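Heads up, the thing below is written out as structure tokens.
In my numbering, the protein residues as written are 332 to 740.
Have a look at this one:
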């Protein structure tokens with residue numbers, strides 16, 4: 332069975348990569364420009380006065396904004412006793428993640444969850460980024476979580492997350508025994524530089540088209556300002572979801588996305604300041620954010636940080652950090668329930684000192700966070716102005732969305 336699935340994945344992937352791996356366009360593009368001063372007073376004019384720092388924002392830009400995919404599976408006849416996504420073996424995950432341009436670099440598990448830290452690669456594992464992005468010297472912060480009936484993949488940079496969907500559905504059916512998608516959540520913040528994305532992710536419309544080709548009864552939403560910071564969501568709106576037993580289990584996902592972060596804090600997540608991931612985790616206080624979690628952290632060279640945390644009861648935490656000043660980005664996500672989400676937000680603000688942040692809470696009817704919009708309606712965070720607070724209600728879930736920023740941020 333493993334060989335059959337790997338063969339299927341390899342066949343799907345080989346044709347799409349062969350033209351990239353074996354063909355190189357040797358033909359150059361040549362641009363030559365001569366400049367002058369209109370008044371001919373060019374004594375102090377010299378193109379060599381242009382410093383490298385003026386071009387660094389292009390050469391070293393990294394898109395920290397993640398693409399987040401969460402899928403719940405079930406058995407059509409409800410006979411799921413022998414079904415488990417954790418039956419999918421490591422080699423099969425390796426093959427699947429090649430569609431996303433990611434590879435596994437670390438792994439931890441407990442009785443409820445398998446957690447993988449990922450990094451981005453393109454064509455070969457030793458080439459960490461797609462050539463068209465111009466990115467050098469940064470590694471992608473990404474994660475994969477697998478439980479009995481749910482898969483969560485969160486990737487940033489120029490990864491091609493939705494390209495794995497069709498082979499994933501095949502893999503799940505063949506190796507885990509599930510034959511039905513109960514629900515799907517695909518979400519992301521708007522990209523800082525969408526032109527650097529693969530065509531499949533360059534616009535939300537392209538992403539919706541790809542998802543609609545695979546799923547019936549899908550619905551697409553945008554929360555926030557469409558001409559500024561906003562958050563996109565695609566989910567199913569199928570009537571049969573209401574009859575599935577998983578909705579009776581309390582479920583919630585809390586995400587905070589922070590930008591314009593304090594450079595002194597961000598420097599912790601570079602090899603120049605921290606010698607190891609453990610040192611960065613302790614210096615920043617990440618190890619104290621969520622008591623009781625088992626941490627799997629990774630500090631990239633020369634910068635960038637990922638952390639997966641496992642908590643008893645089937646709960647996870649993941650943090651991804653892009654520290655470069657011109658594109659600094661930190662995301663925090665957990666499905667662990669909290670008595671007070673504003674308290675958790677305040678701890679994050681103290682740890683990372685952002686200039687602005689976006690937060691979402693997605694909770695089903697059984698979750699204590701289901702009415703979280705009431706908690707955030709009157710809350711204030713010291714030094715921040717609330718820009719938006721929106722609520723969207725689905726068949727089984729409520730989503731609360733809010734953006735906050737310091738004055739003049």
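No residue lacks a Cβ here, since even glycine has one placed at the ideal position from N, Cα and C.
Everything numeric in this text was worked out from a predicted model, so none of it was measured.
Measure how close the beta-carbons of residue i and residue j come, nearest whole angstrom, since I'm counting them as under 8 Å.
i           : j           : result
residue 401 : residue 481 : 7 Å
residue 518 : residue 563 : 6 Å
residue 654 : residue 640 : So it is not a contact: roughly 19 Å between Cβ atoms.
residue 645 : residue 443 : 4 Å
residue 592 : residue 683 : 6 Å
residue 475 : residue 447 : 4 Å
residue 621 : residue 688 : Actually they are not in contact, since the Cβ atoms of residue 621 and residue 688 sit about 18 Å apart, beyond 8 Å.
residue 625 : residue 439 : 6 Å
residue 633 : residue 611 : Incorrect: roughly 13 Å between the Cβ atoms, too far for contact.
Considering only the alpha carbon of each residue, which of the options lies closest to residue i?
i           : options               : result
residue 451 : 600, 644, 394 and 597 : 394
residue 555 : 370, 359 and 734      : 734
residue 520 : 738, 530 and 560      : 560
residue 506 : 487, 479 and 514      : 479
residue 533 : 642, 492, 567 and 676 : 492
residue 718 : 569, 686, 599 and 681 : 686
residue 486 : 438, 431 and 511      : 431
residue 433 : 473, 610 and 612      : 473
residue 671 : 378, 368 and 702      : 702
residue 579 : 698, 676 and 660      : 698
residue 647 : 424, 596 and 441      : 441
residue 537 : 565, 660, 477 and 706 : 565
residue 614 : 550, 596 and 625      : 596
residue 502 : 418, 436, 513 and 514 : 418
residue 700 : 690, 669, 606 and 721 : 669
residue 659 : 691, 539 and 598      : 598
residue 471 : 610, 398, 609 and 516 : 398
residue 691 : 437, 551 and 721      : 721
residue 642 : 515, 445 and 380      : 445
residue 713 : 696, 732 and 676      : 676
residue 732 : 696, 611 and 552      : 552
residue 516 : 413, 709 and 550      : 550
Whole angstroms are fine: how far does the CA of residue j sit from the CA of residue i?
i           : j           : result
residue 407 : residue 542 : 21 Å
residue 594 : residue 678 : 18 Å
residue 652 : residue 638 : 9 Å
residue 568 : residue 404 : 15 Å
residue 284 : residue 527 : The requested residue 284 does not occur in the structure, where the chain is confined to residues 332 to 740.
residue 739 : residue 715 : 10 Å
residue 364 : residue 356 : 24 Å
residue 656 : residue 601 : 12 Å
residue 416 : residue 500 : 11 Å
residue 694 : residue 680 : 23 Å
residue 410 : residue 504 : 14 Å
residue 723 : residue 618 : 33 Å
residue 704 : residue 711 : 13 Å
residue 373 : residue 366 : 10 Å
residue 531 : residue 396 : 16 Å
residue 424 : residue 378 : 50 Å
residue 558 : residue 535 : 14 Å
residue 707 : residue 354 : 54 Å
residue 674 : residue 736 : 17 Å
residue 376 : residue 370 : 12 Å
residue 361 : residue 605 : 42 Å
residue 449 : residue 368 : 51 Å
residue 616 : residue 483 : 25 Å
residue 509 : residue 420 : 15 Å
residue 461 : residue 512 : Because the pLDDT at residue 461 is just 39, under 50, the model does not fix this residue reliably, and the value given afterwards should be weighed accordingly. Cα-Cα distance, rounded: 31 Å.
residue 608 : residue 661 : 16 Å
residue 468 : residue 358 : Since pLDDT at residue 468 reaches only 45, below the 50 mark, its modelled position is unreliable, and the value read off the structure follows with that caveat. Spanning the two alpha carbons is a distance of roughly 27 Å.
residue 422 : residue 514 : 26 Å
residue 696 : residue 429 : 36 Å
Sufficient close CB pairs (3 or more, under 8 Å) joining the region 537-553 to the region 485-500: yes
Validate contact between the region 716-731 and the region 620-634 using beta carbons, cut 8 Å, 3 pairs: no
Segment contact, 8 Å Cβ cut-off, at least three pairs: the region 663-679 with the region 582-589: yes
3-residue-minimum beta strand (DSSP E) runs that sit fully inside the region 642-682, ordered along the chain: 646-653 and 660-665
Length-filtered (4 minimum) alpha helix (DSSP H) runs lying within the region 407-459: 421-428
In chain order, each alpha helix (DSSP H) run of at least 4 residues that lies wholly inside the region 476-562: 496-502 and 535-543
Every unbroken beta strand (DSSP E) within the region 682-712, with a cutoff of 3 residues, ordered by chain: 687-695
3 or more residues per run - each beta strand (DSSP E) lying fully within the region 602-648: 625-630 and 636-642
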